[in-house]
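A.B. asks: Sharing a structure with you now.
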Amino acid sequence: PVRKLLIVVTITSARPQQAYYLNRLAHVLKGVPPPLLWLVVEWPVTTFETAEILRSSGVMYRHIVCRKNLTSVRKIAVCQRNNAIYHIKKHHLDGIVHFADEERSYMGDVFEEMRKIRRVGAWPVANHDASKYRVVVEGPTCKGNRITGWNTIPKKGAPRRFPIGFSGFAFNSTMLWDPQRWNRPAMDSVIVHSGGRGGLQESRFVEKLVKNERQIEGLPDNCNRVMVWNFALEPPQLNYPAGWSLWNHLEVVKDL
63 PVRKLLIVVT
73 ITSARPQQAY
83 YLNRLAHVLK
93 GVPPPLLWLV
103 VEWPVTTFET
113 AEILRSSGVM
123 YRHIVCRKNL
133 TSVRKIAVCQ
143 RNNAIYHIKK
153 HHLDGIVHFA
163 DEERSYMGDV
173 FEEMRKIRRV
183 GAWPVANHDA
193 SKYRVVVEGP
203 TCKGNRITGW
213 NTIPKKGAPR
223 RFPIGFSGFA
233 FNSTMLWDPQ
243 RWNRPAMDSV
253 IVHSGGRGGL
263 QESRFVEKLV
273 KNERQIEGLP
283 DNCNRVMVWN
293 FALEPPQLNY
303 PAGWSLWNHL
313 EVVKDL
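So the sequence shown is numbered by this note's numbering: it starts at 63 and just counts up by one.
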């Protein structure tokens with residue numbers, strides 16, 4: 063059988079750990095059987111360093127950018143993901159879309175599982191809770207591929223209809239640009255919204271794709287294996303200590 067195209071969307075921006083995360087994800091994606099398109103969305107400009115990583119990755123890619131002048135980390139991420147959605151709609155890319163955050167750790171076979179998806183698929187994700195030194199699994203509980211419930215992490219704010227993060231689901235790209243195939247009205251509103259904390263953003267996005275759990279496929283069989291980890295190792299802000307940044311060249315102490 064012909065393998066479905068995987069459209070892996072990754073948002074990124076310049077920071078100390080960027081090269082490490084992108085290279086690590088590139089290594090995983092290179093091991094996934096083609097066809098796979100890595101859609102990397104940078105902010106606020108495309109950088110030479112990111113372009114070099116993509117060129118040397120051995121993965122088919124497209125490098126696009128969100129140029130909006132934003133200060134909120136959440137709104138920047140929304141702009142980046144929406145630019146990817148607009149790109150998929152504009153070019154009628156036909157495949158399975160997954161938002162692969164560069165900080166996540168992936169087993170390669172999760173991408174082969176995604177190719178089984180007809181409409182929307184979901185799977186368990188292991189989240190490292192650094193404050194309590196524990197790992198909590200969030201995602202569907204299943205009987206076969208039928209979702210029977212959810213393992214969820216309590217969050218502040220309004221309850222989530224679908225307690226799921228971006229790293230825990232994928233969907234058929236034709237839902238964005240060919241609604242007639244799914245007997246649905248035009249889906250111009252299927253974009254990521256900046257409102258909503260504590261996972262509401264992801265839940266509201268999934269609500270635009272499906273009506274209930276019957277339209278979501280649980281992966282893998284019985285949802286009994288974790289294939290994605292969120293270790294949350296990156297600090298929220300990393301500034302160089304005073305004195306580490308040198309604005310002028312050091313004087314030559316001794317000629318060589």
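The C-beta atom is built at its ideal place from N, Cα and C for all residues, glycine as well.
With a floor of 4 residues, list each alpha helix (DSSP H) that falls wholly inside the segment 166 to 241, ordered by position along the chain.
C.D. replies: Taking only runs of at least 4 residues, the alpha helix (DSSP H) segments lying wholly in the segment 166 to 241 are 171 to 176 and 236 to 239.
A.B. asks: Would you identify the three-state DSSP class for Glu-279, choosing helix, strand or coil?
C.D. replies: Here Glu-279 sits in strand by DSSP.
A.B. asks: What is the rounded straight-line gap between the Cα of Leu-308 and the Cα of Ser-119?
C.D. replies: The predicted model places Leu-308 with a pLDDT of 49, which falls under 50 and marks its position as unreliable, so this point remains unresolved.
A.B. asks: Just the Cα atoms here: how many angstroms apart are Ala-232 and Lys-270?
C.D. replies: When rounded, the distance between both Cα atoms is 13 Å.
A.B. asks: Around the Cβ of Arg-143, are there at least 16 other Cβ atoms within 10 angstroms (buried) or fewer (exposed)?
C.D. replies: Flag for Arg-143 reads buried.
A.B. asks: Quick one: give me the first and last residue of the alpha helix (DSSP H) that Phe-161 is part of.
C.D. replies: Taken as a continuous stretch (DSSP letters only), Phe-161 belongs to no alpha helix (DSSP H), being part of the beta strand (DSSP E) at 158 to 161.
A.B. asks: Count the other C-beta atoms from every protein chain shown that fall within 10 angstroms of the C-beta of Phe-267, then say buried if there are 16 or more, exposed otherwise.
C.D. replies: Phe-267 is buried by the Cβ-count criterion.
A.B. asks: Does DSSP classify Ile-253 as helix, strand or coil?
C.D. replies: Here Ile-253 sits in coil by DSSP.
A.B. asks: By DSSP's criteria, Tyr-123 is part of a beta bridge. Which residues make up the other side?
C.D. replies: Bridge partners of Tyr-123: Trp-100.
A.B. asks: Which residues does DSSP list as the beta-bridge partners of Leu-68?
C.D. replies: Paired residue(s): Leu-98 and Ile-158.
A.B. asks: Between the segment 171 to 178 and the segment 275 to 283, can you find at least three pairs of beta-carbon atoms closer than 8 Å?
C.D. replies: Touching, yes, given that three or more Cβ pairs across the two stretches are closer than 8 Å.
A.B. asks: What span of residues does the beta strand (DSSP E) with Asn-85 cover, start to end?
C.D. replies: No beta strand (DSSP E) holds Asn-85; the alpha helix (DSSP H) holding it covers 80 to 92.
A.B. asks: Suppose contacts are defined by Cβ-Cβ distances below 8 Å. Is Ser-229 in contact with Arg-166 by that definition?
C.D. replies: Against a cut-off of 8 Å, the Cβ pair of Arg-166 and Ser-229 comes out as a contact.
A.B. asks: Can you tell me which residues form a DSSP beta bridge with Asn-145?
C.D. replies: Beta-bridge pairing links Asn-145 to no other residue.
A.B. asks: Using the C-alpha atoms, what's the distance from Glu-114 back to Asn-145?
C.D. replies: Using only the alpha carbons, I get a separation of about 21 Å.
A.B. asks: Give the DSSP-derived three-state secondary structure of Thr-74 in the structure shown.
C.D. replies: Looking at Thr-74 - three-state DSSP - the assignment turns out to be strand.
A.B. asks: Alpha carbon to alpha carbon, how far is Arg-124 from Lys-130? Give it in angstroms, no decimals.
C.D. replies: The straight-line gap from Cα to Cα measures roughly 19 Å.
A.B. asks: Could you compute how far the alpha carbon of Pro-97 sits from the alpha carbon of His-149?
C.D. replies: C-alpha separation (whole angstroms): 18 Å.
A.B. asks: Flag this pair as yes or no: are the beta carbons of Gly-227 and Val-187 separated by less than 8 Å?
C.D. replies: Contact: yes.
A.B. asks: With C-beta atoms as the reference, is Ser-235 less than 8 Å away from Asp-156?
C.D. replies: Yes, the pair counts as a contact, with Cβ atoms nearer than the cut-off.
A.B. asks: Val-94 and Leu-68 - do their beta-carbons sit closer together than 8 Å?
C.D. replies: Closer than 8 Å, so yes.
A.B. asks: Under a three-way DSSP split, which group does Val-290 fall into?
C.D. replies: Here Val-290 sits in strand by DSSP.
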